[in-house]
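Everything on this sheet refers to the single structure shown next.
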Amino acid sequence: VQLQASGGGLVQPGGSLRLSCAASERIFNFNTMAWYRQAPGKQRELVARLSSGVSTDYADSAKGRFTISRDNALNTLYLQMNSLKPEDTAVYYCYARRIPSSYWGQGTLVTVSS
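Position one of the sequence shown corresponds to residue 25 (the working numbering), numbered consecutively onward.
What follows is the structure, encoded as structure tokens:
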């Protein structure tokens, strides 16, 4: 399974970005898909998770600002990020789990700066 993340870039505080993660096979088959991020000098952390295609949960820092979704027809996972803050700056990774295996994408850099 290959996961290709895209959509990162430089954005000003308060701006928006939409990250995409294209999977090489049907995402309908995955038990869980998620977005993680890793800021410089910090551990990788969960940002948002989509379980069984319907159940979502978010890190406290993402609640109310980020939305995770997927398009089964396009085999793509999304992360809509609004009201971005400098502390959202990180490399964002998509993740997929199909028991018993887990898969990671290569990451896309999001920089929030004026």
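Glycine residues also receive a C-beta, built at the ideal position from the N, C-alpha and C atoms.
Simplified DSSP assignment, three categories, for residue i
i, result
"ASP112", "helix"
"PHE54", "coil"
"GLY107", "A small correction: the amino acid at residue 107 is Ser; Gly does not occupy that position in the sequence shown. Note: SER107 maps to coil in three-state DSSP."
"ARG98", "Reading off the sequence, residue 98 comes out as Leu, not Arg. Coil at LEU98, not helix or strand."
"ILE123", "coil"
"SER40", "coil"
Residue from the options whose Cα sits closest to the Cα of residue i
i, options, result
"ARG73", "VAL115, GLY131, TYR119, TRP128", "TYR119"
"GLY131", "ARG50, TYR60, ARG42, PRO37", "TYR60"
"ASP112", "ARG68, VAL136, LEU103", "VAL136"
"SER138", "VAL25, GLN26, LEU27, VAL35", "VAL35"
"ALA114", "TYR127, GLY39, GLN67", "GLN67"
"TRP128", "GLY88, ALA46, GLN104", "ALA46"
"GLY77", "ARG42, GLN104, SER93, SER85", "SER93"
Cβ-Cβ separation, residue j to residue i (assumed contact under 8 Å), whole Å
i, j, result
"ASN106", "ARG50", "That belief does not hold up - the Cβ atoms of ASN106 and ARG50 are roughly 29 Å apart, past 8 Å."
"TYR116", "SER44", "Their Cβ separation, rounded to whole angstroms, is 11 Å, which puts TYR116 and SER44 out of contact at 8 Å."
"PRO64", "PRO110", "That pair is no contact at about 12 Å."
Where the beta strand (DSSP E) containing residue i begins and where it ends
i, result
"VAL136", "132-136"
"GLU49", "From DSSP, GLU49 is part of no beta strand (DSSP E); its letter is neither H nor E."
"GLY33", "33-35"
"ARG68", "First-last for ARG68: undefined, no H or E at that position."
"ALA86", "Careful: ALA86 lies outside any beta strand (DSSP E) and carries neither H nor E."
"SER76", "It is not in any beta strand (DSSP E) - SER76 carries neither H nor E in the DSSP assignment."
"GLN28", "27-30"
Decide yes or no for the touch test of the stretch 27-34 against the stretch 75-85: beta carbon pairs closer than 8 Å, at least 3 of them.
Not touching, per the Cβ criterion.
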